[in-house]
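In the UniProt record's numbering, the protein residues as written are 1 to 632.
(1) Since residue 266 and residue 190 are thought to touch, with beta carbons under 8 angstroms apart, how far apart are those beta carbons, to the nearest angstrom?
(2) Can you give me the C-alpha to C-alpha distance between residue 182 and residue 606, rounded to a whole angstrom?
(3) Between residue 603 and residue 30, what straight-line distance do the alpha-carbon atoms span, to the nearest angstrom?
(4) Okay, do the stretch 360-370 and the stretch 84-98 touch, 3+ Cβ pairs below 8 angstroms being the bar?
(5) Quick check on the burial criterion: 16 or more other C-beta atoms within 10 angstroms. Buried or exposed for residue 102?
(6) Taking residue 296 and residue 41 to be in contact with their CB atoms under 8 angstroms, please state how far apart those CB atoms are, rounded to whole angstroms.
(7) Relative to the C-alpha of residue 247, which candidate in 234, 283, 275 and 235 has its C-alpha closest?
(8) What is the C-beta distance between residue 599 and residue 70, in whole angstroms, given that I count them as a contact (C-beta under 8 angstroms)?
(9) Helix, strand or coil: how does DSSP classify residue 94 here?
(10) Please return the same chain residues whose Cβ sits closer than 6 angstroms to the Cβ of residue 285, not counting the five positions on each side in sequence.
(11) Please report the residue range of the beta strand (DSSP E) in which residue 586 lies.
(12) Please find out if some non-hydrogen atom of the ligand NAD comes closer than 7 angstroms to the beta-carbon of residue 516.
(13) For residue 444 and residue 357, which I take to be in contact (beta-carbon distance under 8 angstroms), what is that distance rounded to the nearest angstrom?
(14) I'd like to know if the stretch 506-526 and the stretch 209-228 are in contact, where contact means that at least 3 CB-CB pairs between them fall below 8 angstroms.
(15) When the Cα atoms are used, what is the spatial distance from residue 146 to residue 565?
(16) Please state whether DSSP places residue 296 in a helix, a strand or coil.
(17) Just curious, the alpha helix (DSSP H) that residue 122 is in, first and last residue?
(18) Do you know offhand how far residue 405's Cα is from residue 610's?
(19) So, are the CB atoms of residue 242 and residue 202 less than 8 angstroms apart?
(20) Ignoring anything shorter than 3 residues, give me the beta strand (DSSP E) runs that lie fully in the stretch 156-202, in order along the chain.
(21) Kindly give me the distance between the Cβ atoms of residue 49 and residue 261, rounded to whole angstroms, as I take these residues to be in contact under 8 angstroms.
(22) Using the C-alpha atoms, what's the distance from residue 573 back to residue 332?
(23) Have a look at 401, 423 and 627 and flag the residue whose alpha-carbon is nearest the alpha-carbon of residue 385.
(24) Who are the Cβ neighbours of residue 17 in its own chain at under 7 angstroms, not counting the five residues just before and after it?
(25) Using the C-alpha atoms, what's the distance from residue 233 back to residue 196?
(26) So who's on the other strand from residue 482, going by DSSP bridges?
(27) Buried or exposed, going by whether 16 or more other CB atoms sit within 10 Å of the CB of residue 678?
(28) Beta-carbon within less than 7 angstroms of residue 628's beta-carbon, same chain only, minus the 5 sequence neighbours each way: which residues are those?
(29) Am I right that residue 586 and residue 554 are in contact with their C-beta atoms under 8 angstroms? What's the rounded C-beta distance?
(30) With a Cβ-Cβ cutoff of 8 angstroms, do residue 347 and residue 460 count as a contact?
(31) Do the stretch 529-541 and the stretch 146-166 touch if we need at least three Cβ pairs shorter than 8 angstroms?
(32) Short check: CB of residue 394 to CB of residue 428, under 8 angstroms?
(33) If I follow the unbroken beta strand (DSSP E) through residue 422, where does it start and stop?
(34) Pick out the complete beta strand (DSSP E) segments inside the stretch 260-312, 3 residues or longer, and give them in chain order.
(35) Could you tell me if residue 408 is buried or exposed, where buried requires 16 or more neighbouring beta carbons within 10 angstroms of its beta carbon?
(36) Could you tell me if residue 414 is buried or exposed, where buried requires 16 or more neighbouring beta carbons within 10 angstroms of its beta carbon?
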């Protein structure tokens with residue numbers, strides 16, 4: 001049961017006159033809802049999503065999210081070489097080009113962060129493609145997030161990383177520097193009549209929140225509605241993860257090949273229904289939606305965004321029809337007076353190479369062989385005065401390498417050796433690559449190759465995050481010949497999570513008759529995801545009666561020990577557990593746990609997709625009668 005929290009009020013909110021957002025009656029349905037479809041969750045998502053939703057989604061808006069943290073480093077590197085690039089080419093030359101006529105015919109408005117680090121170039125390319133097709137669109141761009149020119153200033157004032165405390169990187173290594181903007185600039189662009197809104201770095205959920213602010217006329221002090229709209233955006237920002245993708249009970253999800261992409265039907269009070277186009281594959285159920293709500297979050301009672309701080313602890317999910325789930329119960333608080341800034345920068349070089357080994361004792365052969373190659377290369381580097389690798393990692397795929405001490409399989413007869421190395425000098429990578437294939441004729445029997453060429457060498461890309469006062473960021477909307485400054489009224493009193501009253505739950509897990517140990521997957525669903533050098537695991541009880549026993553089995557200390565192999569090398573590893581009574585769920589935030597995260601990590605799973613899968617094997621003691629009741 002949910003207990004009290006901070007009173008609902010917006011502390012020091014100012015809504016400038018020029019930022020009043022009116023409703024667009026032409027998009028308001030008879031039932032008062034707005035339909036938004038989510039057609040992409042990353043740079044590389046399926047091209048079937050947009051045409052599916054445009055044709056069969058009966059949409060008002062289509063959103064496409066392309067900008068993972070690592071993607072910003074890629075786009076920043078591209079822009080440094082080609083000033084006319086730095087945006088999501090997959091969007092302009094695939095999604096946009098192929099669907100221009102349908103977008104125009106259906107009147108669907110597009111909102112996307114495909115602008116990356118060069119929204120103006122993105123718009124120019126879109127306009128050129130539309131002109132080739134004989135079509136015109138009113139395309140607005142949201143800018144002001146790009147702070148690359150400010151990097152020397154940030155370095156001079158010794159900004160430190162908000163999670164690790166690291167010093168600001170050398171300016172010459174910085175690839176991108178962007179503030180996370182919110183939904184109000186997008187809403188303003190729509191109020192100016194935009195058919196398409198292109199942004200750079202915004203929080204992913206803002207792509208959905210912006211249209212909802214515009215359609216319903218929400219103001220900055222409508223914090224509950226802003227939080228609910230943000231949750232709607234959070235649910236659909238990763239595409240088909242809201243319609244059965246990555247679901248724990250994967251066998252219950254039909255027709256992956258034709259999976260439906262998500263649609264939210266949002267009401268003026270912020271409550272919304274998650275669904276998908278008729279006749280598509282996939283699954284929309286309370287458990288699927290609950291898993292996605294928990295994806296990539298930290299503190300669910302203080303989920304901080306530019307426009308609002310969200311409280312998801314009272315959120316409820318309810319089936320209201322086939323493939324239709326209602327979500328309500330979100331609460332919100334006024335945001336802080338600061339923006340989060342994400343800087344990506346290079347830090348040396350890395351290479352990951354792989355080699356299959358077949359036969360008896362394949363695991364031991366693969367391990368010995370990889371160690372021998374690294375020993376040889378280390379000696380060669382020292383002889384060339386290059387110094388040793390600063391990091392190496394050997395993982396034998398097929399031997400449950402990602403499970404650490406929980407691995408159960410070492411007798412498989414077919415494995416792939418995965419070896420990662422990291423060095424300050426690019427020349428060290430060349431030595432490694434020349435030697436890596438040599439075992440095929442000089443070391444273990446059964447060693448074979450991909451015959452696909454040598455692995456790629458890439459820069460190590462790290463993320464550096466810090467907070468900046470809102471007054472230092474000036475969001476703008478550019479549409480036609482006009483550029484509009486979107487003024488913001490900072491909160492007079494910053495949000496303080498310490499003032500929150502945390503949910504109080506019954507912690508008792510009484511022994512009740514015969515107790516049996518079952519794997520966690522028998523009593524819970526779970527989903528995991530990454531955020532920087534941290535990951536989270538959300539665990540949802542399949543039946544509320546299981547929750548006390550799940551809670552008893554999954555303490556912070558237990559998970560810190562269970563994931564010891566993930567925390568290896570971390571300076572300040574920690575696990576924080578949070579309660580979500582509305583979902584009968586727990587969220588675990590695991591800090592300093594991914595070896596640097598994404599492009600900075602040598603690990604097999606830097607995106608943390610498999611962390612929940614590991615945990616679902618953990619034994620949980622529950623009363624046998626509860627299992628019998630559920631089976632009946």
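Note that the Cβ used here is the ideal one computed from N, Cα and C, for glycine as well.
Taking the definition as stated:
(1) So it is not a contact: roughly 15 angstroms between Cβ atoms.
(2) Residue 182 and residue 606 have their C-alpha atoms roughly 27 angstroms apart.
(3) Straight-line spacing of the CA atoms in residue 603 and residue 30 works out to 51 angstroms.
(4) With a cut-off of 8 angstroms, the stretch 84-98 and the stretch 360-370 do not count as touching, because too few Cβ pairs lie within range.
(5) The residue in question, residue 102, is exposed, as its Cβ has fewer than 16 Cβ neighbours within 10 Å.
(6) Contact flag wrong, Cβ pair sits at about 11 angstroms.
(7) The shortest Cα separation from residue 247 among 234, 283, 275 and 235 belongs to 283.
(8) Rounded, the Cβ-Cβ distance is 5 angstroms, consistent with contact.
(9) For residue 94, the three-state secondary structure derived from DSSP is helix.
(10) Contacts found: none.
(11) Counting along the chain, the beta strand (DSSP E) containing residue 586 begins and ends at 585-591.
(12) With respect to the ligand NAD, the structure offers nothing, as it holds no ligand at all.
(13) Sure, about 6 angstroms apart at Cβ, within 8 angstroms.
(14) With the cut-off at 8 angstroms, the stretch 506-526 and the stretch 209-228 do not touch.
(15) Cα to Cα, residue 146 sits roughly 37 angstroms from residue 565.
(16) If DSSP states are grouped into helix, strand and coil, residue 296 belongs with coil.
(17) 119-132 is the span of the alpha helix (DSSP H), which, as asked, contains residue 122.
(18) Approximately 15 angstroms between the Cα atoms of the pair.
(19) Going by beta carbons, residue 242 and residue 202 fall outside the 8 angstroms limit.
(20) If we require 3 residues or more, the beta strand (DSSP E) runs fully inside the stretch 156-202 come out as 174-179 and 196-199.
(21) 4 angstroms between Cβ atoms; contact.
(22) Roughly 30 angstroms separates the two Cα atoms.
(23) When 401, 423 and 627 are compared, the shortest CA-CA separation from residue 385 is found for 423.
(24) Since pLDDT at residue 17 reaches only 30, below the 50 mark, its modelled position is unreliable, and the value read off the structure follows with that caveat. Within the same chain, no Cβ atom closer than 7 angstroms to the Cβ of residue 17 is found once the five residues on either side in sequence are excluded.
(25) One C-alpha to the other measures close to 17 angstroms.
(26) DSSP output for residue 482 lists 479 as bridge partner(s).
(27) As displayed, the chain neither begins before 1 nor continues past 632, which places residue 678 out of reach and without an answer.
(28) Excluding residues within five positions, none has a Cβ falling inside 7 angstroms.
(29) At roughly 6 angstroms, the Cβ-Cβ gap stays under 8 angstroms, so residue 586 and residue 554 are in contact.
(30) Result yes, Cβ atoms of residue 347 and residue 460 sit closer than 8 angstroms.
(31) Touching, yes.
(32) If you check the CB distance, residue 394 and residue 428 do not come in under 8 angstroms.
(33) Counting along the chain, residue 422 sits inside the beta strand (DSSP E) bounded by residues 414-423.
(34) You should have 263-266, 272-275 and 309-311.
(35) The residue is exposed, with fewer than 16 neighbouring Cβ atoms inside 10 Å.
(36) With fewer than 16 other beta carbons inside 10 angstroms of its own, residue 414 counts as exposed.
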